[in-house]
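Chemist:
There are 2 protein chains.
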Amino acid sequence: MPEGGSTGGPLEGVRVVDLTTVVVGPICTRSLADQGAEVIKVEAPEGDILRRLASGCRTPSMSGKFINFNRNKRGITLDIKRPEGLAALRRLIAGADVFVSNVRPAGLRRAGLDAASLAALNPRLIHCGITAFGSGGRYAGRPAYDPIIQSLSGVAGTFHRAVGEPRFVPMVMTDHVTGLVAAQAIGFALYRREKTGIGEAIEVPMFEVAASFVASEHLGAASFDPPEGPTGDARLLSPDYRPLPTSDGYITVHPNSDAQAHAFFEAIGRPELKADPRFATAIARTENAADYFRVRVAALAQRSTAAWLEIFAARDVPAARYNTIDDLLEDPHLQDVGFWQAEDHPTEGRLRHARTAVTFGGGMRAATLPAPRQGMQTDEILAELGYSPAEIAALRETGAAR
Amino acid sequence: MPEGGSTGGPLEGVRVVDLTTVVVGPICTRSLADQGAEVIKVEAPEGDILRRLASGCRTPSMSGKFINFNRNKRGITLDIKRPEGLAALRRLIAGADVFVSNVRPAGLRRAGLDAASLAALNPRLIHCGITAFGSGGRYAGRPAYDPIIQSLSGVAGTFHRAVGEPRFVPMVMTDHVTGLVAAQAIGFALYRREKTGIGEAIEVPMFEVAASFVASEHLGAASFDPPEGPTGDARLLSPDYRPLPTSDGYITVHPNSDAQAHAFFEAIGRPELKADPRFATAIARTENAADYFRVRVAALAQRSTAAWLEIFAARDVPAARYNTIDDLLEDPHLQDVGFWQAEDHPTEGRLRHARTAVTFGGGMRAATLPAPRQGMQTDEILAELGYSPAEIAALRETGAAR
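Residue numbers (our numbering), protein chains in the order written: chain H, 41 to 442; chain R, 41 to 442.
1) List the residues of chain C whose Cβ lies closer than 8 angstroms to the Cβ of LEU277(R), in chain order.
2) Is ALA346(H) close to chain R, meaning its C-beta is less than 8 angstroms from at least one C-beta of that chain?
3) Could you name the residues of the same chain whose beta carbon sits closer than 6 angstroms to that of LEU59(H), not counting the 5 residues immediately before and after it, in chain order?
4) Hey, would you say the C-beta of PHE352(R) is under 7 angstroms away from at least one heavy atom of the ligand ADP?
5) How big is the Cα-Cα spacing for MET41(H) and GLY174(H)?
6) Under three-state DSSP, which class holds HIS258(R)?
7) Taking the continuous alpha helix (DSSP H) assigned at ARG131(H), which residues delimit it?
8) Taking 8 angstroms as the threshold (beta carbon to beta carbon), is ASP356(H) in contact with chain R?
9) Would you kindly check if the distance between the Cβ of GLU234(H) and the Cβ of TYR290(R) is under 8 angstroms?
10) Look up LEU368(R) in the DSSP assignment and give the residues it is bridged to.
11) From the beta carbon of HIS302(H), is the nearest beta carbon of chain R less than 8 angstroms away?
12) For a contact defined as C-beta to C-beta under 7 angstroms, what are the partners of PRO50(R) on chain H?
13) Would you tell me roughly how many angstroms separate the C-alpha atoms of ILE133(R) and ARG275(R), rounded to the nearest one?
14) Taking ALA241(R) as part of the beta strand (DSSP E), name the residues at either end of that continuous run.
15) Could you tell me how far apart the beta carbons of THR292(R) and ILE188(H) are, in whole angstroms, since I believe they sit closer than 8 angstroms?
16) I'd like to confirm the pairing. Which residues does DSSP put opposite CYS97(R) in its beta bridges?
17) Determine, using beta carbons only, whether LYS105(H) comes closer than 8 angstroms to chain R.
18) Can you check whether the CB of PRO145(R) is closer than 8 angstroms to the CB of GLY181(R)?
19) For the beta strand (DSSP E) that GLY389(R) lies in, which residues bound it at each end?
20) Verify the CB distance criterion: does LEU409(H) have a CB-CB separation below 8 angstroms to chain R?
21) Please name the residue or residues paired with LYS81(H) in a DSSP beta bridge.
22) With a cut-off of 8 angstroms on the beta carbons, I'd call LEU72(R) and LEU51(R) a contact; round off their distance for me.
23) Give the straight-line distance between the Cα atoms of MET211(R) and GLY204(R), rounded to the nearest whole angstrom.
24) Give the secondary structure of ALA339(H) by DSSP, where H, G and I count as helix, E and B as strand, and everything else as coil.
25) So is ASN296(H) in contact with chain R if we call contact Cβ pairs under 8 angstroms?
26) Around the C-beta of GLU43(H), are 16 or more other C-beta atoms found within 10 angstroms, so that it is buried, or is it exposed?
27) Could you tell me whether the region 107-119 of chain H touches the region 413-429 of chain H, using the rule of 3 or more Cβ pairs below 8 angstroms?
28) Are GLY96(H) and ILE166(H) touching if we call contact CB-CB under 8 angstroms?
29) Are any of the Cβ atoms in chain H nearer than 8 angstroms to that of PRO412(R)?
30) From the DSSP output, read off the bridge partner residues of TYR290(R).
31) With a 10 Å radius around its C-beta and 16 neighbouring C-beta atoms as the bar for buried, classify GLN190(H) as buried or exposed.
32) Should the region 247-259 of chain R be called in touch with the region 146-163 of chain R, which here means at least 3 C-beta pairs below 8 angstroms?
33) How many Å lie between ALA353(R) and ALA303(R) at the Cα?
34) Of all Cβ atoms in chain R, is any one closer than 8 angstroms to the Cβ of PRO42(H)?
35) Compile a chain-ordered list of the residues in the region 321-346 of chain H whose CB is closer than 7 angstroms to at least one CB of chain R.
36) Let me know if VAL398(R) comes out buried or exposed under the rule of 16 or more other beta-carbons within 10 Å of its beta-carbon.
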């Protein structure tokens, strides 16, 4: 595997082979790439389905969503069902620090890409297998997508409690969160490898990650055995847990501490509620969450969003306006911090993307790479691996590389 | 700072001083603690508000939610408004690898706990400041809680598009995700410090993290400048994007690839839809997401959940039952993998918790520590810092330690 030059960022010099598709794997490897790792995205000839799954693109295989999850990566197309294609992938992995896949374990084993086989090839390799379900459980090996995991893990169940019917978060939330956790785990393993000098295998199961997320939030009184009460955090499960209507839009106000709650009651002209036993303490407000929300609903409808924001700001009551997805593009704070960045993509033209949210004082990745068109760097990467022009031509001839 | 003995896990030997409350900081440091770091939770005399914010506990300051977010940590109570309390905290930080706070930056500066001041004390320190809003933007320094960030970042906006009114995810999702990202960033910085020998400052702003999450999902056609169409991933923004009713409950079915979609149409007895131009390809199904959902709604109501699951399993169509929050406790796969673990807490009695979702082949944290009662290890930790019994008594006398 090549030296890719200096990227900057905490993961500078970390080489990642990325055999993932859709969201869970790509957000993992993008998190590594954004922080300086050199990521090579290996695609099968049919390509990552996310290239075509979302509408609104300039060329058919470069959806905006694909671009967003695959920036800062280079791309190679290999048909690993062909022995020469698989050999090229193994040569890539032999020189890598990290191999990430979201292929089902049986498929990895068939291709000799399981952790044990690859440890023999590269003992320093960190092998991160993102799966739908952890090994050892009866769902292991089943196919899954985000809504399957939202359905099983209790994410949809939180809405059932809040609004009376199960729903999904309208994002691929469990994919996205699991990918972030996988990148976290890879960082921890990279740290350990600096101490031990040897790699390891990590398993990151989406269902367990999502169930752990929900349990941390909503196991609540059932954390005790026997339970001390029902599951669920009542503050979050109220039907009124939402931005609330003002006279001209919406506002979110969240007086949490006693001081904030008391300031809020003053602000809405109901100082007598400071002494109301339903609202006097944090635990009382939790137990009377529905009543507390009703007080807010009644008050907030009386003034405009701007008027309330001014009133709450003066009293240090946490409050904010509500942004639609489109409003994000105009949010003044995001403008201040240069959140939206312009990019000239070599084939897709002028783009905008959200910059990395986290900043590292020790130095950040300097230059961004454009999300690759399929096979964009196939020849370049094969050449870096030591393939001669004639060998590359032969791989292309058989369709093993494209 | 003490050696805390060998924990096992990739972060064994990493010493973390945790000046955080509620969820965003505690899930960050729990992620570090679960993977072997030694985390010392420093609390003000009034304690982390999460101790009392959730109902259902055996003792008033040990809510289930607090316990879930604070396992594997030791606790010390210091009044850092008193000089001796602040001095003890600085002595802790002098021997630490990581300092995590979710205190507003102005408060950190006032106490001399900002990155520059602490780098002078400990040049190897990784200083992770979790903030509501990034520095340099006009919202910087404002107070915030999760719903404020859900309101501003477009998370609530996704529901507006899906169901006609903004709502929050009924979890402290942006806190939780930002904390996971903060732990990820700390892992990356620990890795870099192995190379450079010096620490650094990391800023993790909740708003920017959440806006990046939403943008990756829903910038869509507005990733292009000028936009190629509206923002939003239409597949996720359908009002029918939810577990769908069967004759006796709910089911989630998610045929994504062409093969899965075609198998699904066969399974529901509508093979003619395989050739329907609305559904023949992934991009067509995306563009006709609403119609595609209507087909599912009509079909699924005809049979029971169990009958459908058997039919879909036979055809390898991704499908799953729907679990309420309570169902999670009985899920058979989670039982198989030992997801729910029993714990005997020294003061709270028999508990259950979700085990760490990610597994590391190179070794995991061996023993879990109980979530601390407030100040549970105050004396022990002060003694490890070199305070004599008389000095500890003096600190307790003034209320600087409790």
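The beta-carbon is built from N, C-alpha and C at its ideal position, and this holds for glycine as well.
Fair warning: this is a prediction, and the values are worked out from it, not measured in the lab.
Modeler: This is what the structure gives:
1) Checking the listed chains, one finds no chain C in this structure; the protein chains it contains are H and R.
2) no
3) VAL82, SER141
4) As presented, the structure is devoid of all ligands, the ligand ADP included, so that no description of it is given.
5) Here MET41(H) scores only 42 on pLDDT, less than 50, and its place in the model is too uncertain to base an answer on.
6) helix
7) 123-134
8) yes
9) no
10) Partner(s): none; LEU368(R) has no beta bridge.
11) no
12) PHE228, ALA229, TYR231, ARG232
13) 48 angstroms
14) 240-245
15) 6 angstroms
16) SER103(R)
17) yes
18) yes
19) 389-394
20) no
21) ASP58(H), GLY115(H)
22) 6 angstroms
23) 20 angstroms
24) helix
25) yes
26) Note on GLU43(H): pLDDT 43, under 50, position unreliable in the model; no value is reported.
27) yes
28) no
29) no
30) PRO285(R)
31) buried
32) no
33) 11 angstroms
34) Interpretation of PRO42(H) is limited by its pLDDT of 45, a score under 50 that renders its predicted location unreliable; the figure taken from the coordinates is listed afterwards. Not one chain R Cβ lies under 8 angstroms of PRO42(H).
35) ALA322, ILE323, THR326, GLU327
36) buried
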